[in-house]
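Residue numbering for the sequence shown follows numbering that gives the first Met the number 0, beginning at 0 and increasing consecutively.
For glycine and all other residues, C-beta sits at the position ideal for the given N, C-alpha and C.
Only a predicted model underlies this, so the values are computations on that prediction, with no experimental measurement involved.
Reading through the structure tokens given below for one structure.
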Amino acid sequence: MELTLRCRCGHVRGVAHEVAPAAGLRFTCYCRDCQDFARFLGHPDMLDAAGGTDIFQMAIGRLEILSGLDAVRCVKLSARVYRWYAGCCRTPIGNTAGPGFPLFALIHSFAEAAPDAPPLGRVLGPPRCRLFARSATVELPPDAPPPVSAGLFLYRLRRVAGWWARGLGRPNPFFDDKTAAPISPPHVLGAEERAALESGIRRGGP
Ligand SMILES: [Zn+2]
Ligand SMILES: [Zn+2]
């Protein structure tokens, strides 16, 4: 199946090709970096009630940005992860490693903004595991996705190896083909900025 991708305002549009539950891994990430990314964007509503982010890991070569690449921006909260978002309306797009690495972590918001977007579960199945649950903001509900199993870990390794083998590290819309430079210089979120974001949330809410 193909999944239509769109930021909230409609300026950045794209498509995820050949998506299916077995074409990647849908999971919920409760890590602090994902939570701070949501705070940085000013969209804490992209997190679930326990601070989790709904992510589908897929091959970057299957992601196509059709329009609005000029508005795509990047922020980094750690050395390895590039977090991409639509600067026009601050909709999260997804996370990548550096150029050439075949993995793209699509964030649900980019697949749910279109008015006719199908429920994600119908296309991707339910989230199959959770990561970094110790950073959840409240106790997880009984129906939260299970911890990652050894089988699922192997499944993910095989998927990524398969993407390498099939050359699905390209094309990568976020890095210049010739220079390998990110299309937008990453804003590195420092400790002070992060502390301010986190204290703002503590003052304002849960
Ligand atoms: Zn937008
Ligand atoms: Zn995370």
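Which of helix, strand or coil DSSP assigns to residue i
i    : result
I106 : strand
D53  : strand
I59  : helix
S198 : helix
L65  : strand
P146 : strand
R239 : Missing from the structure shown is residue 239; the chain here goes from 0 to 205 and no further.
P184 : coil
Range of the contiguous alpha helix (DSSP H) that encloses residue i
i    : result
A160 : 149-164
V71  : From DSSP, V71 is part of no alpha helix (DSSP H) but of the beta strand (DSSP E) over 71-75.
C207 : Residue 207 is absent from the structure shown; the chain starts at 0 and stops at 205.
L4   : Note, L4: premise wrong, no alpha helix (DSSP H); beta strand (DSSP E) at 2-5.
Continuous beta strand (DSSP E) stretch holding residue i: start and end
i    : result
C28  : 24-28
L119 : No beta strand (DSSP E) holds L119; the alpha helix (DSSP H) holding it covers 119-123.
N94  : 90-95
G13  : 12-15
R82  : 81-85
C128 : 128-130
Beta-carbon separation (whole angstroms), residue i vs residue j, contact threshold 8 Å
i    : j    : result
G64  : I106 : The displayed chain sequence assigns Ile, not Gly, to residue 64. At roughly 14 Å, the Cβ-Cβ gap does not stay under 8 Å, so I64 and I106 are not in contact.
T3   : V14  : 6 Å
C87  : C30  : With 8 Å as the limit, C87 and C30 do not qualify as a contact, their Cβ atoms being about 26 Å apart.
L188 : V74  : 6 Å
R89  : G41  : 6 Å
H10  : A85  : 7 Å
D32  : S77  : 6 Å
Would you check if there are 3 or more beta carbon pairs closer than 8 Å linking the stretch 53-62 to the stretch 166-176? Between the stretch 53-62 and the stretch 166-176 there are three or more inter-stretch CB-CB distances shorter than 8 Å, so the stretches are counted as touching.
Using a Cβ distance threshold of 8 Å, determine whether the stretch 89-107 contacts the stretch 132-141, with at least three qualifying pairs required. Touching, no.
If contact is defined by three or more beta carbon pairs under 8 Å, each pair taking one atom from either stretch, is the stretch 177-195 in contact with the stretch 66-79? Counting C-beta pairs closer than 8 Å gives three or more between the stretch 66-79 and the stretch 177-195, which meets the contact rule.
Are the stretch 22-30 and the stretch 147-159 touching by the rule of at least three beta carbon pairs closer than 8 Å? Yes, the stretch 22-30 touches the stretch 147-159.
Does the stretch 4-23 come within contact of the stretch 115-126, defined as at least 3 CB pairs closer than 8 Å? Because the criterion of three Cβ pairs below 8 Å is met, the stretch 4-23 and the stretch 115-126 touch.
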